[in-house]
Structures are given as structure tokens and as C-alpha cells.
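Taking it in order: structure first as C-alpha cells, then the write-up.
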Amino acid sequence: MKKSGWFGVYLVLLSTTSLGAFFFFHDRVEGKGVPRSPSLQEDKEGLNEKPLRSQPVPEPEMPFAQAEAQEKGFTLLKGGGYLFEREDGVEGVAVPGMVLLENGLIELFACGIGGKEHESVLRLECDIHSLDSALTLAGFQRGRIKGSKRQKGRIGDRLIALVQWKNAEGRVITHRAEDLVIHAGRQTPMPRIGWVYVGRWYEANDPMSSPKNKKTYKILMAASTRSLVTTWRDESALLDNPMPDAEDDSLYYANPVPLPPPGTKVMLILRAPSDKELKEIARLEEEWDE
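Numbering (the working numbering), first residue to last: 4 to 293.
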């Protein structure tokens with residue numbers, strides 16, 4: 004073939020590839036290339052939504068404004084949020100955030116500012132070190148995930164995560180965080196298993212120290228990765244998913260049925276499980292141990 008012929012073939016291939024790339028990235032931007040939540044892809048009548056529905060849970064309304072939290076005597080955190088002790092005796096931490104995704108595959112339930120926002124249901128707007136310190140002050144102890152081969156020591160405390168937001172009428176809605184996530188294998192919301200407080204620290208070498216006088220300092224891993232509440236196993240996270248299948252990164256999706264639209268302001272509440280919630284966790288753990 005003559006050079007001019009080869010050049011023509013080259014131009015055709017180049018234009019075809021460029022056009023294909025254009026439509027691929029256009030679809031990604033428009034959301035067409037993003038995996039959708041599995042149970043809602045067909046049934047336009049909404050019948051497939053039934054297994055994904057969940058009822059709001061009864062939980063005292065928490066202040067959305069820092070000034071209101073301060074009036075109640077709660078301890079404000081740097082960067083947003085507060086450490087609380089309610090009239091019912093329950094202690095915990097509440098931090099503000101925003102809904103990022105209402106559909107699609109996720110690896111985190113909540114990230115920090117500048118974290119994996121493209122695969123997180125929520126973005127929390129707080130200082131991560133302050134959040135970690137507040138969890139410790141609330142009496143929670145960090146530790147490893149049950150069955151972890153990389154970490155040693157005690158198992159971290161189990162925490163319940165709840166999300167509050169105001170609907171169009173101004174009424175406060177509260178859901179368990181698990182209800183806002185689809186477990187694709189079960190085709191239901193994620194089991195109400197809670198999250199484990201990992202809050203892992205690691206030692207890093209001080210680059211200013213000399214080889215003869217080597218110094219190290221400790222870093223909170225979550226402050227580096229900004230992974231705060233995960234669905235996919237991430238031992239650098241502040242709170243990690245204890246489910247045995249959490250190592251599968253294709254199982255968890257945002258649940259569009261209960262989730263409000265992206266941009267909705269929320270409060271994430273972290274507290275210890277009640278006796279009833281502990282029994283439910285124990286029952287679920289027995290199921291996966293069988």
C-alpha cells in the first residue's frame with residue numbers, strides 16, 4: 004500500500020478512537036458510565052424498591068448549628084461538630100456533612116474533605132484529629148477488626164452511626180447509616196452491624212533527623228487518607244466495616260430509596276449501641292460464623 008493509503012487508514016483509526024473516547028468520557032460525566040444501584044435498573048413501577056426501603060429510626064433530634072449545640076452545653080470540635088451527652092445519658096459525637104451520592108458503587112460511607120468523594124455517600128466537614136480525640140473522650144477504644152491478620156491487640160469498640168437531615172417540610176428524618184447502603188449480594192440494605200473504631204496510628208520517620216539520631220513521629224492514618232467510615236475494608240479508616248465480605252469492593256452501593264438528594268446537609272451521629280442493638284449485632288455475627 005502507498006504511503007498516502009496508510010496515512011488515510013491512520014486518519015480513520017485516529018478519528019474513530021477519538022470519537023469513541025469522547026463518548027466514553029461524555030457518558031461518564033453525564034453519569035451513564037457510572038454503575039447504578041443493582042436493584043433499581045429495571046422495574047419502572049418501583050416494585051424493586053420494596054426490599055430497599057427502611058423506616059426512619061427514633062432518635063432524639065440533634066442540633067444542626069454549632070451555636071445551638073453550645074447552648075445545650077455540648078463541647079464544640081475544631082472544624083465542626085461536637086461531643087455530646089444527652090439528657091437520656093447517651094454520649095457520643097455528632098459531625099456535620101453533606102450527601103455526595105444517592106446512587107452508584109461506593110467504597111466509603113463517609114470521607115473527609117479532599118477524600119474519595121467520588122465513591123462516598125457522605126462528606127464530613129470536620130477536623131479529623133478532633134473527631135478522633137472526641138471519640139476517645141466519649142469513652143470509645145480503638146482497636147482491630149475481628150479476624151484481621153495485619154493488626155494485633157484488642158478488637159475496636161462497635162459504634163452505631165445514624166444520619167439526620169431535614170426534609171422539604173423541615174421535619175428531621177433519622178436513618179441508620181446501614182439503611183442508606185445497598186448490599187448487592189443480599190439485594191437489601193446493608194445489615195445493621197455497626198462500625199468498628201479502628202483509628203490506627205503509624206510511625207513515620209522524621210525527614211529532618213539524621214541517620215545516627217533517627218527520630219519518628221506518629222500519624223493518624225485516617226487524617227492522611229481521609230477515609231472516615233468505610234464499606235470496603237480499609238484499615239487506615241477511622242471506622243471500618245466489620246462485615247467479613249467487606250474485602251469485596253463490588254458489593255456496596257448507595258441506596259437511592261431513602262437517601263435525600265446530593266447537596267443535602269446532614270448530621271452524622273456516632274454513639275454506642277443500645278442493648279437491643281447489641282443483640283441484633285450478635286445475631287448477625289452468629290449468622291456469618293455458621
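Here a beta-carbon is modelled for each residue, glycine too, at the ideal position from N, C-alpha and C.
- Task: If I'm right that residue 198 touches residue 263 with Cβ under 8 Å, what's the distance once you round it to whole angstroms?
- Result: By 1-based counting over the sequence shown, the position of residue 198 is 195. By 1-based counting over the sequence shown, the position of residue 263 is 260. Actually they do not touch by this definition, with Cβ atoms about 21 Å apart.
- Residue ranges of each beta strand (DSSP E) within the segment 62-107, 3 or longer: 85-88 and 94-102
- Message: Quick check: what's the CA-CA separation for residue 120 versus residue 114?
- Response: Working through the sequence shown from its first residue, we reach residue 120 at position 117. Working through the sequence shown from its first residue, we reach residue 114 at position 111. Spanning the two alpha carbons is a distance of roughly 7 Å.
- Classify residue 192 as helix, strand or coil using the three-state DSSP reduction. What you label residue 192 is simply residue 189 of the sequence shown in a count that begins at 1. Of the three classes helix, strand and coil, the one that applies to residue 192 here is strand, per DSSP.
- Item | Per-residue burial, residue 205 [other beta carbons within 10 Å of its own, 16 or more giving buried] | On the sequence shown, position 202 is the one that residue 205 refers to. When all chains shown are included, residue 205 counts as exposed.
- Message: Quick check on the burial criterion: 16 or more other C-beta atoms within 10 angstroms. Buried or exposed for residue 77?
- Response: Residue numbering aside, residue 77 sits at position 74 when the sequence shown is read from its first letter. It is buried - the Cβ of residue 77 has at least 16 other Cβ atoms within 10 Å.
- residue 148 beta carbon less than 9 Å from that of residue 232: Locating residue 232 in the sequence shown gives position 229, where the first residue counts as 1. Locating residue 148 in the sequence shown gives position 145, where the first residue counts as 1. Against a cut-off of 9 Å, the Cβ pair of residue 148 and residue 232 comes out as no contact.
- Can you name the start and end residues of the alpha helix (DSSP H) that residue 137 belongs to? The count along the sequence shown starts at 1 and reaches residue 137 at position 134. Residue 137 -> alpha helix (DSSP H) spans 131-140.
- Which same chain residues, not among the five before or five after residue 252, have their C-beta less than 7 Å away from its C-beta? Counting from one through the sequence shown, the residue named residue 252 turns up at place 249. These residues qualify, in order along the chain: 110 and 235.
- Could you check the C-alpha separation between residue 300 and residue 203 for me, to the nearest Å? Given that the chain is displayed from residue 4 to residue 293, the structure contains no residue 300 and the question cannot be resolved.
- Which residues in the same chain as residue 284 place their Cβ atom closer than 7 Å to its Cβ, once the five residues preceding and following it in sequence are excluded? Here residue 284 refers to the residue found at position 281 when the sequence shown is read from its first residue. Hits under 7 Å: 161, 196, 197 and 276.
- What is the C-beta distance between residue 178 and residue 66, in whole angstroms, given that I count them as a contact (C-beta under 8 Å)? Start at 1 with the first residue of the sequence shown, and residue 178 comes out as number 175. Start at 1 with the first residue of the sequence shown, and residue 66 comes out as number 63. At roughly 18 Å, the Cβ-Cβ gap does not stay under 8 Å, so residue 178 and residue 66 are not in contact.
- Item | Supposed close pair residue 101, residue 125 - CB separation, criterion 8 Å | Indexing the sequence shown from 1 puts residue 101 at position 98. Indexing the sequence shown from 1 puts residue 125 at position 122. Right, the Cβ-Cβ distance comes to about 7 Å (below 8 Å), so this counts as a contact.
- Cβ-Cβ distance between residue 131 and residue 226 below 9 Å: Along the sequence shown, one-based indexing puts residue 131 at 128. Along the sequence shown, one-based indexing puts residue 226 at 223. Cβ distance < 9 Å, so residue 131 and residue 226 count as in contact.
- If we count the other Cβ atoms within 10 Å of its Cβ and call it buried at 16 or more, is residue 243 buried or exposed? By one-based count along the sequence shown, residue 243 stands at place 240. Buried.
- Message: In the DSSP output, what is residue 158 paired with across the bridge?
- Response: Position 155 of the sequence shown, counted from the start, is the residue given in the question as residue 158. According to DSSP, residue 158 bridges with 147.
- Query: On the premise that residue 228 lies in contact with residue 82, defined as a C-beta separation below 8 Å, what is that separation, rounded to the nearest angstrom?
  - Reply: Residue 82 sits at position 79 when you count from the first residue of the sequence shown. Residue 228 sits at position 225 when you count from the first residue of the sequence shown. Going by Cβ atoms, the distance from residue 82 to residue 228 rounds to 17 Å, so no, they are not a contact pair.
- Which value, in whole angstroms, describes the spacing of the CA atoms of residue 279 and residue 171? By 1-based counting over the sequence shown, the position of residue 279 is 276. By 1-based counting over the sequence shown, the position of residue 171 is 168. Taking the straight line from one Cα to the other gives about 31 Å.
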